[in-house]
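Asker:
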Amino acid sequence: MTGRASTSAVAIDLWTWDLDRPPAVVANFAALLAPDETARASRFVMARDAGRYIVARAGLRVILGSRLGIAPAELAFLYNDFGKPRLAPCDMALRHFNLSHSGALAMLAISDRFPLGIDIEEAKPLKEDIAGYFFSTRECASLDRLPRSGYLNAFYRCWTRKEAFVKAHGDGLTIALDAFDVSVGAKATLDLGRLDGEASRSGRWRLFNIKTPVGFQGALVALTGGVPVQLRYHRWSGDDVPRESLSCAAARPGYSGLPLHQNDDTRPASA
1 MTGRASTSAV AIDLWTWDLD RPPAVVANFA ALLAPDETAR ASRFVMARDA GRYIVARAGL
61 RVILGSRLGI APAELAFLYN DFGKPRLAPC DMALRHFNLS HSGALAMLAI SDRFPLGIDI
121 EEAKPLKEDI AGYFFSTREC ASLDRLPRSG YLNAFYRCWT RKEAFVKAHG DGLTIALDAF
181 DVSVGAKATL DLGRLDGEAS RSGRWRLFNI KTPVGFQGAL VALTGGVPVQ LRYHRWSGDD
241 VPRESLSCAA ARPGYSGLPL HQNDDTRPAS A
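Numbered according to UniProt numbering, the sequence shown spans residues 1 to 271.
(1) Suppose the cutoff is 7 angstroms on Cβ atoms and the five residues either side in sequence are ignored; what does the same chain contact list for residue 179 look like?
(2) Measuring CB to CB, does residue 120 end up less than 8 angstroms from residue 216?
(3) Please report the distance separating the alpha-carbon of residue 206 from that of residue 224.
(4) On a Cα-Cα basis, can you pick out the residue from 147, 112, 183 that is closest to residue 139?
(5) So, for residue 163: in the same chain, excluding its five sequence neighbours on each side, which residues have a beta-carbon less than 7 angstroms away from its beta-carbon?
(6) So what does residue 117 bridge to, in DSSP terms?
(7) Using the C-alpha atoms, what's the distance from residue 151 back to residue 286?
(8) Once DSSP output is grouped into helix, strand and coil, what is the label at residue 17?
(9) From the DSSP output, in three-state form, read off residue 250 for me.
(10) Here's a check: name, in chain order, each residue in its chain whose Cβ is nearer than 6 angstroms to the Cβ of residue 142, leaving out the five neighbours to either side.
(11) Examine the Cβ distances between the segment 27 to 41 and the segment 58 to 68 and report whether three or more of them are shorter than 8 angstroms.
(12) Put residue 196 into one of helix, strand or coil per three-state DSSP.
(13) Is it right to say residue 315 is buried, meaning 16 or more other beta carbons lie within 10 angstroms of its own, or is it exposed?
(14) Would residue 99 pass as a contact of residue 88 if the rule is Cβ separation under 8 angstroms?
(15) Can you tell me whether residue 271 is buried or exposed? The criterion is at least 16 other CB atoms within 10 Å of its CB, across all chains shown.
(16) Taking DSSP as the reference, what is the three-state secondary structure of residue 310?
(17) For residue 11, which of helix, strand or coil comes out of DSSP?
(18) Does residue 186 come out as helix, strand or coil in the three-state DSSP assignment?
(19) Grab the span of the alpha helix (DSSP H) containing residue 43 for me, first residue to last.
(20) For the alpha helix (DSSP H) containing residue 134, list its first residue and its last residue.
(21) Residues in the same chain with beta-carbon distance under 6 angstroms from residue 146, minus the five sequence neighbours each way, listed in chain order, please.
(22) Can you list, in chain order, the residues of its chain whose CB lies under 7 angstroms from that of residue 123, leaving out five sequence neighbours each side?
(23) Name the residue from 21, 85, 81 whose alpha carbon lies nearest to the alpha carbon of residue 239.
(24) So, at 7 angstroms on beta carbons, what are the nonlocal neighbours of residue 247 in its own chain, with the 5 sequence-adjacent residues on each side left out?
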């Protein structure tokens, strides 16, 4: 579904796709990945997790490539010191995008104009109450006032809102999650008053609720500067990858496929 942006609003496009695919499809998608992506996929312990990572990265490449008119396998990514990606060369027309995936779901946010960050999380039951380790005093107090029936979704609303801001900012874990405040209720608010250097920019950042399937929570943050924004939702089926893209990618020097049937007892060096 695609929403129509008004003439005065700037569009941010949000793409969603499913990550659980048949092994043969995953193997085809693996041909689109760069060597560093293939290496990371091979370090996952579980084949399911490797497959989900491959489909997430392939979807990113297909969607961005389609928008730019570039073959998915030909896209090159650069990363800052905190892991935030950008396309190479740096003067590429599409400057701002951010990917998040959790469980069997991926979401990609794209803007031609605004730095942004997106985060989604599958709202799994918490093994322990970890809010006090990451959230601000104000946020913890808000959560503590909720009935247990509403706590889990509120926790993940808070978590994804904070992660989306950190990803949009681009400085990674140099920003402590408890150094700024977000709302935990249905209304999305962002307060950067306690964050060094950001108090004067609070009005320029905007926090959005985003539509997610049942069982997930998600948030988007963009440096809009107060400009009106229209969120446009799309769904990628995974069926529109040109065969020539797959065959050309598989023919690249050094491509040897990805081992998807690993020993599940082998712990990866990193994931």
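Built from N, CA and C at the ideal position, the CB exists for glycine as well.
Answerer: Considering the structure as presented:
(1) Residue mapping note: residue 179 aligns to position 179 of the sequence shown, counting from 1. Correct list, in chain order: 194, 195.
(2) Within the sequence shown, numbered from 1, the residue matching residue 120 stands at position 120. Within the sequence shown, numbered from 1, the residue matching residue 216 stands at position 216. Against a cut-off of 8 angstroms, the Cβ pair of residue 216 and residue 120 comes out as a contact.
(3) What you label residue 206 is simply residue 206 of the sequence shown in a count that begins at 1. What you label residue 224 is simply residue 224 of the sequence shown in a count that begins at 1. The straight-line gap from Cα to Cα measures roughly 6 angstroms.
(4) Mapped onto the sequence shown, residue 139 falls at position 139. Taking only the C-alpha atoms, the option nearest residue 139 is 183.
(5) The residue given as residue 163 occupies position 163 in the sequence shown. Correct list, in chain order: 119.
(6) As a working mapping, residue 117 is identified with position 117 in the sequence shown. 221, per the DSSP bridge assignment.
(7) Only positions 1 to 271 of the chain appear in this structure, which leaves residue 286 out of reach.
(8) Locating residue 17 in the sequence shown gives position 17, counting from the first residue. It is a strand residue.
(9) If you number the sequence shown from 1, residue 250 lands on position 250. With a pLDDT of only 48 at residue 250, under the threshold of 50, the placement of this residue in the model should not be trusted, and no figure is reported.
(10) Mapped onto the sequence shown, residue 142 falls at position 142. Within the same chain, 184 come within 6 angstroms of residue 142 by CB-CB distance, once the 5 residues on both sides are set aside.
(11) yes
(12) Within the sequence shown, residue 196 is the residue found at index 196, counting from 1. Residue 196: coil per DSSP, three-state reduction.
(13) As displayed, the chain neither begins before 1 nor continues past 271, which places residue 315 out of reach and without an answer.
(14) Stepping through the sequence shown from its first residue, residue 99 is reached at position 99. Stepping through the sequence shown from its first residue, residue 88 is reached at position 88. No, these two residues do not count as a Cβ contact at 8 angstroms.
(15) For this step, residue 271 is matched to residue 271 along the sequence shown. Only weak support exists for where residue 271 lies, its pLDDT of 26 falling under 50; the value from the coordinates is given anyway. Exposed, by the Cβ-count rule.
(16) There is simply no residue 310 to check, as the chain begins at 1 and stops at 271 in what is shown.
(17) On the sequence shown, residue 11 is found 11 positions in, with the first residue counted as 1. Correct three-state label for residue 11: strand.
(18) Here residue 186 corresponds to residue number 186 of the sequence shown, with the count starting at 1. Coil.
(19) Locating residue 43 in the sequence shown gives position 43, where the first residue counts as 1. Counting along the chain, residue 43 falls outside any alpha helix (DSSP H), and DSSP gives it neither H nor E.
(20) For the purposes of this step, residue 134 is taken as the residue at position 134 of the sequence shown. It spans 131 to 134 - the alpha helix (DSSP H) in which residue 134 sits, taken as one unbroken run.
(21) Position 146 of the sequence shown, counted from the start, is the residue given in the question as residue 146. Non-local beta-carbon contacts of residue 146 in its own chain, meaning distances under 6 angstroms to residues more than five positions away in sequence, involve 154 in chain order.
(22) Indexing the sequence shown from 1 puts residue 123 at position 123. 152, 153, 156, 215, 216, 217.
(23) For the purposes of this step, residue 239 is taken as the residue at position 239 of the sequence shown. Among 21, 85, 81, the Cα nearest to that of residue 239 belongs to 21.
(24) Locating residue 247 in the sequence shown gives position 247, where the first residue counts as 1. Because residue 247 sits at a pLDDT of 47, beneath the cut-off of 50, its placement in the model cannot be relied upon, and the following sentence gives the value as read from the coordinates. No residues qualify anywhere along the chain.
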